[in-house]
Amino acid sequence: MSEGVGSRVAIVGGGPVGALNASFFALRGYHVDLYEARGDIRLAKHVRGRSINLALSHRGRQALASVGLEEKVIRHGVPMHARMIHSLSGKKMSIPYGKKDQYLLSVDRALLNKELLTAVEGLPKVKLHFNHKLQDSDMPNGTLLLNRPDGLPIEAHCDLLVGCDGAFSSVRRQLMRYATVDFSQTFIKHNYLELNIPPTSSGEFAMEPNFLHIWPRNTFMMIALPNMDHSFTCTLFMPFMEFEKITTNEQVLDLFQKFFPDSIPLIGIDALKKQFFRIPAQALMMIKCSQYHASETMVLMGDAAHAMVPFYGQGMNAGFEDCLVFDELMEKFHNNFARVLPEYSVLRVPDGQAISDLAMYNYIEMRAHVNSPWFHFRRFMDNVLHRIMPNTFIPLYTMVTFTRIRYHEAVKRWKKQKKTMNWFFFVFLTILPVSGAVLLCRKIPGQPHSIVPRLCGLSTKLPL
Ligand code: FAD
């Protein structure tokens with residue numbers, strides 16, 4: 150199987166990325182131990198945590214497909230073909246994501262995780278250890294130290310330690326003892342809060358279901374994604390200073406009457422007041438690392454490597470793609486960790502950093518640019534050019550969401566395309582009108598006067 154290495158893989162973190170990763174390793178024949186600090190999500194009645202639903206797109210689906218899980222997961226998804234922009238006046242306008250067959254899937258986070266855990270549990274040589282929290286590791290010797298549910302520490306052994314333990318990764322902390330990694334953690338000034346739009350009294354969706362609804366208000370915004378039970382999960386993103394100012398029910402209502410009036414009857418006044426103060430608004434952060442591995446024994450994937458703000462809907466998709474890229478490298482280098490791990494860092498670090506930056510950029514696009522006619526014109530032109538030259542000109546959103554073009558290459562291509570577009574606009578808006586005017590004013594050889602007055606139907610001879 151592997152060249153010069155053993156065959157026991159320990160994955161820390163049973164979130165979506167860890168659970169999917171376990172399938173990749175198990176299908177390659179490794180002994181897999183998955184350690185998750187929390188209890189088994191499949192037994193939990195209420196799952197409290199981050200967002201309830203997630204937008205799954207091409208990269209994530211490709212990773213799921215390669216371990217045979219795409220169909221199982223997408224049945225928990227509601228397709229979203231376009232954004233639905235809610236203006237302050239209550240007017241709505243849709244902006245498609247791409248071509249007809251290009252859409253995002255709004256999937257239930259808990260159901261997705263449950264499917265992935267159940268699938269991997271059925272594979273040979275896989276053991277899931279819930280309520281096992283990684284405390285320490287000594288990877289040069291292949292030893293892990295974990296806390297069991299009864300609080301007692303236990304020792305475990307592995308040849309490869311894979312950190313899929315999220316933004317506050319403990320594996321990452323330990324990896325940084327063995328590798329020279331530049332690391333940054335940035336909290337943005339905006340927090341988020343989730344609210345719910347229930348189904349109507351007849352059990353229908355209260356708004357158009359196959360859309361990602363956006364209320365862009367320039368410096369902040371609210372979005373809503375559909376759920377399988379015909380409800381919507383709304384997420385309000387706002388500066389934390391503004392959240393802190395809102396302490397009474399009246400202030401909540403004021404905020405919604407001023408900025409999101411059409412959502413009040415959908416959420417319900419009482420529910421709105423209750424839900425707004427249910428839990429404090431949550432922070433949003435970005436993690437960047439200059440390397441995702443240490444020697445041939447430790448590697449990071451998902452949020453542990455590159456947590457990002459959620460505005461491109463790519464955090465989990467990028468994490469799933471990490472697993473797929475790693476698996477492709479395992480194939481290429483015949484399961485030789487010593488070659489796979491460094492190459493994985495070389496490939497994924499620029500992509501992780503590119504998508505983190507794009508995610509931040511997209512926040513401004515979602516909350517502000519979509520209000521501008523210029524944005525709509527540019528998007529229209531993007532689509533026209535994409536239709537004329539489908540392989541040469543691809544809109545950024547399409548490259549990121551509906552292809553596997555590497556994230557950093559997508560950024561490069563986008564910048565180039567933008568330059569070409571700007572040049573195109575310059576020609577059309579400046580040079581052409583000016584040269585047209587010059588042409589019109591020019592004297593035609595053999596004609597005594599410029600053609601302008603004639604075109605305007607005027608006599609060229611001044612009345613005497
Ligand atoms: P996590 O989901 O954080 O899972 C890590 C797991 O590790 C947890 O279960 C944790 O209990 C466990 N763990 C932690 N420490 C230890 C330890 N010491 N020992 C053992 N276990 C441990 N992404 C998208 O692709 N599309 C979206 O639409 C989208 N929307 C989002 C909306 C919001 C509001 C937010 C906040 C994020 C969104 N994301 C989205 C990002 C997505 O949630 C994350 O990228 C994804 O959850 C990362 O998965 P993960 O498995 O790497 O980490």
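The sequence shown begins at 150 in the working numbering and counts up one residue at a time. Backbone N, C-alpha and C define an ideal beta-carbon position, used for all residues, glycine too. Quick caveat, the model's predicted, so the values are computed rather than measured.
If only complete runs of 4 or more residues are kept, the region 549-585 shows the alpha helix (DSSP H) at 556-575, in order along the chain. Residue 360 sits close to residue 243, with the two beta carbons spaced by under 9 Å. DSSP, reduced to helix, strand and coil, places residue 263 within a helical segment of the structure shown.
Nearest C-alpha to residue 370 among 580, 184 and 412: 412. In this structure, the ligand FAD has a non-hydrogen atom nearer than 8 Å to the beta-carbon of residue 465. Collapsing the DSSP output to three states places residue 312 in a strand. The beta carbon of residue 527 sits no closer than 8 Å to any heavy atom of the ligand FAD.
For residue 431, the enclosing beta strand (DSSP E) has its first and last residue at 431-438.
In the DSSP secondary-structure assignment, residue 384 is bridged to 343 and 372. Nearest C-alpha to residue 476 among 184, 215, 193 and 580: 215. Note that the C-beta distance between residue 425 and residue 364 is not below 9 Å. Between residue 246 and residue 232, the C-beta spacing is below 9 Å. In this structure residue 227 is in contact with residue 377, their Cβ atoms being roughly 6 Å apart against a cut-off of 8 Å.
Here residue 421 has 344, 401, 402, 405 and 413 as same chain residues with Cβ atoms under 8 Å from its own Cβ, once five neighbours each way along the sequence are excluded. Excluding residues up to 5 positions away in sequence, 218, 221, 222 and 225 lie with their Cβ nearer than 8 Å to the Cβ of residue 264 in the same chain. Residue side-chain check: residue 510 keeps its Cβ at 8 Å or more from all non-hydrogen atoms of the ligand FAD. With contacts defined as CB atoms closer than 9 Å, residue 551 and residue 512 fail to qualify as a contacting pair. In this structure, the ligand FAD has a non-hydrogen atom nearer than 8 Å to the beta-carbon of residue 185.
Membership of residue 167 in any beta strand (DSSP E) is not indicated; the residue belongs instead to the alpha helix (DSSP H) covering 165-176. The straight-line gap separating the alpha-carbon atoms of residue 315 and residue 553 is approximately 23 Å. In this structure, DSSP gives residue 418 a helical state, which the three-state scheme calls helix. Around the beta carbon of residue 543, 16 or more other beta carbons lie within 10 angstroms, which makes this residue buried. Residue burial is scored here from C-beta neighbours: residue 587 has fewer than 16 other C-beta atoms within 10 angstroms and is therefore classed as exposed.
With 16 or more other Cβ atoms from the protein chains shown falling within 10 Å of its own Cβ, residue 382 counts as buried.
For the region 209-294, the continuous alpha helix (DSSP H) assignments of 4+ residues that do not extend past its boundaries occur at 219-223 and 258-270, in sequence order. Counting the other Cβ atoms within 10 Å of the Cβ of residue 290 gives fewer than 16, which makes it exposed. In summary, residue 569 is exposed, with fewer than 16 beta-carbon neighbours lying within 10 Å of its beta-carbon over all protein chains present. Under the three-state reduction of DSSP output, residue 504 falls in the helix class. Scanning 534, 497 and 306 for the CA closest to the CA of residue 566 turns up 534. The Cβ neighbour count for residue 275, taken over all protein chains shown within 10 Å, is at least 16; the residue is labelled buried.
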